[in-house]
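A.B. asks: Below is one structure. I have some questions about it.
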Amino acid sequence: MSFFRLYLVTLVPFIGIDAVWLGLVAPRFYKSQIGYIMARNPNWIAAGIFYLLFVAGMVVFVTGRPGTPVQAVARGALFGLVCYATYDLTNLATLEGWPVLVTVVDLVWGTFLSSATALSAYWLSRAF
């Protein structure tokens with residue numbers, strides 16, 4: 214499968230799954246935890262760049278590699294954990310008052326999101 218097609222079958226589930234989180238759960242949680250530093254309006258350009266880069270990383274390091282569904286889930290989980298830990302543990306280390314709970318929730322979410330995306334991309338890449 215070409216990089217572009219694999220990119221698409223990774224991007225679609227990533228955005229779909231994350232949209233549920235960002236639309237239903239995250240707003241109240243993040244506002245209660247870090248509302249004092251949240252922007253009134255998201256920077257959509259920065260968010261878009263994150264999505265494009267993250268999914269490119271998923272394709273290179275996770276979904277573009279041969280293997281079984283279990284391997285896809287494991288690689289996705291590790292990739293998500295490492296990427297989300299980079300952001301959250303840096304914040305925990307450098308920002309006064311950064312909540313540990315936000316770090317824990319983000320790490321769990323990043324791990325789940327990336328593993329679910331990897332499994333979805335695994336099956337979608339075989340269907341298309």
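With my numbering as the guide, the letters of the sequence shown map in order to residues 214 to 341. Note that CB positions come from ideal geometry on N, CA and C, so glycine has one too.
#1: Using beta-carbon positions only, say whether residue 283 and residue 301 come within less than 8 angstroms of one another.
#2: Could you tell me the distance, in whole angstroms, from the CA atom of residue 260 to the CA atom of residue 267?
#3: Along the chain, where does the alpha helix (DSSP H) that runs through residue 282 open and close?
#4: For a test of the three-state rule: what should DSSP assign to residue 240, helix, strand or coil?
#5: When the Cβ atoms of the segment 244-254 are set against those of the segment 269-276, are three or more pairs found closer than 8 angstroms?
#6: Ignore the nearest five residues each way along the sequence and tell me which others in residue 326's own chain have a CB closer than 8 angstroms to its CB.
#7: Would you mind sorting residue 220 into buried or exposed? The rule is 16 or more other CB atoms within 10 Å of its CB.
#8: Consult DSSP for residue 253 and reduce its assignment to one of helix, strand or coil.
#9: So, is residue 288 buried or exposed, given that buried needs 16 or more other C-beta atoms within 10 angstroms?
#10: Could you say which of 238, 299, 281 lies nearest to residue 333 if we only look at CA atoms?
#11: DSSP three-state label for residue 226, please.
#12: For residue 296, tell me which candidate among 313, 263, 311 has the shortest Cα-Cα distance.
C.D. replies: With the structure as the only source:
#1: no
#2: 10 angstroms
#3: 282-307
#4: helix
#5: no
#6: 227, 230, 231, 234, 293
#7: buried
#8: coil
#9: buried
#10: 281
#11: helix
#12: 263
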